[in-house]
Every structure is written in C-alpha cells, then in structure tokens.
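Going by numbering that gives the first Met the number 0, the sequence shown opens with residue 0, and the numbers climb by one from there. Glycine included, C-beta positions come from ideal geometry on N, C-alpha and C.
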Amino acid sequence: MTTPPEKSSPAVFLDRDGTLMEEVNYCSEPSKVSIFPGVPEALQQLKARGFKLIVISNQAGIGRGYFTEKEYRAVEAELANQIRPAVLDASYFCPDHPERPTDRRKPAPGMILEARRDHDLDLKRSFFVGDKAIDMECGRNAGVRTILVKTGYGAAEHERSGANWVAENFAEAAEIILKQSDHRAEKSELP
0 MTTPPEKSSP
10 AVFLDRDGTL
20 MEEVNYCSEP
30 SKVSIFPGVP
40 EALQQLKARG
50 FKLIVISNQA
60 GIGRGYFTEK
70 EYRAVEAELA
80 NQIRPAVLDA
90 SYFCPDHPER
100 PTDRRKPAPG
110 MILEARRDHD
120 LDLKRSFFVG
130 DKAIDMECGR
140 NAGVRTILVK
150 TGYGAAEHER
160 SGANWVAENF
170 AEAAEIILKQ
180 SDHRAEKSEL
190 P
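In structure tokens form, the structure reads like this:
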C-alpha cells in the first residue's frame, strides 16, 4: 500500500517592516527592531492551524548601499528572537534597487512563487498580510487573498490598497485568516 502524496500547505506571506515590526526607515540595526504587540501569539495561532509563515520583503536599502546583506541578516535574527516562541518557516528578500525592478521585487510575485516551489504551497488557500498597497498588489499578482494592516504605512494606504480585507493590526489580520479558514473548511464538509 502506498502513502498518498502530502497535501500542499497554505501559507501566510508576511511583509516585515510596518507589519510585524515598527516601521524603521531602512532598518539596519537589530537594536531598532520592535515587534508589534500580539504578533508572537498571532503567529503561533496561524502555525497551529497549519499555515506556513513566510516573510516576503523588499530591502532596497541593500541595493542603494545603505546597509549590507549581513546587516539585514542581523535584523532578521533579532526579529526571529523577538517573535519567539513563534517560528517563521522562511524569509525571502529582494535587495534590488527600486529603479531596476526585477520579477522578485514587490509588486512582482517572484518571491511568493519561489516560496511556493520551495515549500509546496497552495496559493489558493494562502494570504498576504502587509502595510502597503504594493504588498496587496504582490499578493493579487500571485493569486492569494490580501489583508492590509493599518500599522506602518497602512493607515495612509488602506483606502487605495485594493485589499480583500483591512485590519487594525497583525493580530486582527490573523483573526480574519482563521475565520476565513474555518468558513472554507465548513464549506468543504458540506455534502
């Protein structure tokens, strides 16, 4: 008897700056990382429900020469430390200069598509949470549902973001995701 193939996992794609942590213009110092209240708990709830947690972040500061990849990795490590006991499954970043966009730089879906390949993800059951209209566009370009948080730049961008939902913060966004997942599960159980 053969084992059936593993079912693809849903994911929550996460913008970093302004979504999980306070917006710091071109953050290159771990000491400036300050996560928003409720983020670790919300991430744990999503993880417990089977979502892969994947950061998708433009880091133009590298391309502009403001900081190095090593400095970016130090900030990333501090974020991971502050969200414990929650654990991210992966982190993708695009160091490209904004004037030389590629298929990886948001709003292009390249990083999401890489993550789908690397982690066997089901994009139809996935979400993108971010604080900018560009995040929402990236999610739409990849075929995932989008939630704009009003933290970071979100308060100024929510009306023009085109997001499927708007949340006050990441904890509220996680509640939306969990409710939508419950709703989908109920629908699939119907005869």
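The Cβ-Cβ distance between K51 and H118 falls below 8 Å.
Between T145 and F127 a beta carbon distance of about 5 Å is seen, short of the 8 Å cut, so the two are scored as contacting. Distances from the CA of R104 to each of E21, R72, G62 were compared; the closest alpha carbon is that of G62. Three or more Cβ pairs drawn from the region 138-154 and the region 8-25 lie within less than 8 Å of each other, which places the two stretches in contact. Taking 8 Å as the upper bound for CB-CB distance, P106 and I133 are in contact here, some 5 Å apart. In the structure shown, the three-state DSSP call for C137 is helix. Inclusion of A141 and P108 in the CB contact set at 8 Å is warranted, their separation being smaller than that value. In terms of CA proximity to A59, N24 leads the group N24, E158, R115. Burial is judged here by how many other beta carbons sit within 10 angstroms of a residue's own beta carbon; D102 has fewer than 16 and is exposed. As DSSP reads the structure, G129 sits in a beta bridge with L147.
Taking the C-beta atoms as reference points, E68 is found no nearer than 8 Å to S27.
For the pair G49 and S8, the CB atoms are nearer than the 8 Å cut-off.
In the DSSP annotation of this structure, the continuous segment of the alpha helix (DSSP H) that includes N80 starts and ends at 68-82. Take the alpha-carbon of D88 and the one of I53: they are about 6 Å apart. Within the same chain, and ignoring the five residues on either side of N57 in sequence, the residues whose Cβ sits closer than 7 Å to its Cβ are C93, R104, K105.
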